[in-house]
Amino acid sequence: MFSFLRKKRTEATAEAGEGQPKAPASEAADTPTPLPNAAQWLQRLEWTVLKRLDGQLQGDYRSLFRGSGLVLADLREYQAHDDVRHIDWNVTARMQTPYVREHQEDREIAAWFVVDLSASVAFGSGHTSKRQLACSAVAVLSKLLSQHGNRVGLMLFTGQDRAHSVVPARSGRRHLLHIVHQMLQAGQTPTSSPSNAVQTSALGPWLAQAQSVLRRRSAVFVVSDFISPPGWEKPLAQLARRHEVVAVRLRDPLEMAWPDNTGMLLVQDAESGEQLLVDGNDAAFRQRFAQQAQDREAALLDGLAQAGVDCLELNTDEALDQALLRFAQLRKRASQLSTGGRATPMSTARPTQTRSPHA
């Protein structure tokens, strides 16, 4: 049933009310849109997102990247408000009383972006696609990290078994532009079409590959729509044991609720190319669609919670700076209220409906 509904929410290829399908993906792939200039893309984000975000955060970027770079500063006895994850068990065994590690920020730790740009990420029901949103988010977060002394690296996946490209962690504006260019270029490369073999997302193997590549402790941002076969939860949890992991979840409103009065539509799976004719006026269909979307949402949040990672939820119909600000506020609040155990995924907070062109 998941694959059945996925066709409906991934590629709504007909215009609402007309019932006439758009050109198949294979035809659209023959006429790609011009490749944006990385420098112009980044400069626009600096004015439309980073400038507003800087004013709202007032320079407090640590709330966005809590734990992204820490070194041991001191040891002290455990207190009731301390996070149990900071207990030093070796010292505790020797002293016969719980001791915790205190840390301070390390500007030298690397930050890595593990980015899913598979075919399903190309979807967008409005002016912004999930792929454009991913490129914007990685550019903004990379800029924030690099200007505060952190090196930034990229592992990019486009629906293939292995990484499409791996950019080693470095710093500097030229390196940042290289990362942006790699993402924009990969976003222009068709990963599948109806005439090709099925190329489904493989988030589990991608995370396992990231774990084998990232040997030193890093801050890892997993950017994906998490439309993937089951099995990614365990590799994500394993990655989180060594690294500070944040799941950056890409979402489009059409993935949660099918609009009313759309008539007969020819919809297509973005990755396999399979097509299906559906009746958007059928209330029973829309109800089944919404229920399956809710079930997938619950399963996703449960998987993130079990892995013990925070979730930055990005929606194609929400301003990027507002999503980042909401995440920073929730992370800061969770850190202040933490009494031990793993952090609660931040995706439980629903976004506002402020619309802003960010990609």
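Note that the numbering used here has the sequence shown beginning at 1, numbered continuously upward. C-beta atoms are modelled at their ideal positions from N, C-alpha and C, and glycine is treated no differently.
- The stretch 214-244 is shown to contain whole beta strand (DSSP E) runs of 3 or more residues at 219-224, in chain order.
- Distance check between residue 242 and each of 271, 208, 264 and 227 places 208 closest, using alpha-carbon atoms only.
- In its chain, beyond the 5 residues on either side, 113, 114, 115, 116, 134, 137, 138, 248 and 250 have a beta carbon closer than 8 angstroms to the beta carbon of residue 223.
- Between the alpha carbons of residue 279 and residue 287 lies a distance of about 12 angstroms.
- The Cβ neighbour count for residue 212, taken over all protein chains shown within 10 Å, is under 16; the residue is labelled exposed.
- In chain order, 72, 75, 86 and 88 place their CB closer than 7 angstroms to the CB of residue 101, counting only its own chain and leaving out the 5 sequence neighbours on each side.
- Exposure of residue 47 is indicated by the presence of fewer than 16 other C-beta atoms within 10 angstroms of its C-beta.
- Taking a cut-off of 8 angstroms on C-beta distances, the stretch 306-326 does not touch the stretch 149-160, as fewer than three cross pairs fall below it.
- Within the same chain, and ignoring the five residues on either side of residue 236 in sequence, the residues whose Cβ sits closer than 6 angstroms to its Cβ are 207 and 307.
- Distance from the Cα of residue 214 is smallest, within the candidate group 256, 166, 233 and 297, for 166.
- Excluding its 5 nearest sequence neighbours in each direction, residue 245 has C-beta neighbours in its own chain below 6 angstroms: 220, 239 and 309, listed in chain order.
- Less than 8 angstroms divides the Cβ of residue 315 from the Cβ of residue 323.
- Bounds of the beta strand (DSSP E) holding residue 166 are 165-170.
- At a Cβ-Cβ threshold of 8 angstroms, residue 169 and residue 110 count as neighbours.
- DSSP lists 154 and 221 as the bridge partner or partners of residue 113.
- When secondary structure is reduced to three states using DSSP, residue 321 falls in the helix class.
- Excluding the 5 residues flanking it on each side, residue 176 has same chain C-beta neighbours closer than 8 angstroms at 42, 139, 142, 143, 146 and 152, in chain order.
- Relative to the Cα of residue 201, the nearest Cα in the group 232, 179 and 275 belongs to 232.
- Comparing alpha carbon positions, the residue from 80, 265, 183 and 92 closest to residue 122 is 183.
- Inclusion of residue 290 and residue 257 in the CB contact set at 8 angstroms is warranted, their separation being smaller than that value.
- Excluding its 5 nearest sequence neighbours in each direction, residue 171 has C-beta neighbours in its own chain below 8 angstroms: 146, 149, 150, 151 and 152, listed in chain order.
- Of the candidates 321, 326, 130 and 205, 321 places its Cα closest to the Cα of residue 51.
- In the DSSP assignment, residue 315 is bridged to 251.
- Judged by their CB atoms, residue 229 and residue 125 are not nearer to each other than the 8 angstroms cut-off.
- Apart from the 5 residues on each side of it in sequence, residue 181 sits with its Cβ closer than 8 angstroms to the Cβ of 38 in its chain, given in chain order.
- Collapsing the DSSP output to three states places residue 310 in a strand.
- Looking at the DSSP output, residue 77 shares a beta bridge with 99.
- By the neighbour-count criterion, in which 16 or more other beta carbons inside 10 Å mark a residue as buried, residue 84 falls on the exposed side.
- Per DSSP, the beta bridge partners of residue 278 are 265.
- Within a 10 Å sphere around the beta-carbon of residue 56 sit fewer than 16 other beta-carbons, which makes this residue exposed.
- Residue 180 is not bridged by DSSP to any residue.
- Beta-carbon to beta-carbon, residue 270 and residue 119 are separated by about 4 angstroms, close enough to satisfy the 8 angstroms threshold.
- About 7 angstroms separates the Cβ atoms of residue 53 and residue 325, confirming a contact at the 8 angstroms cut-off.
- Checking the DSSP bridge columns, you'll see residue 246 partnered with 221 and 310.
- Annotation: residue 85 is outside any alpha helix (DSSP H) and is labelled neither H nor E by DSSP.
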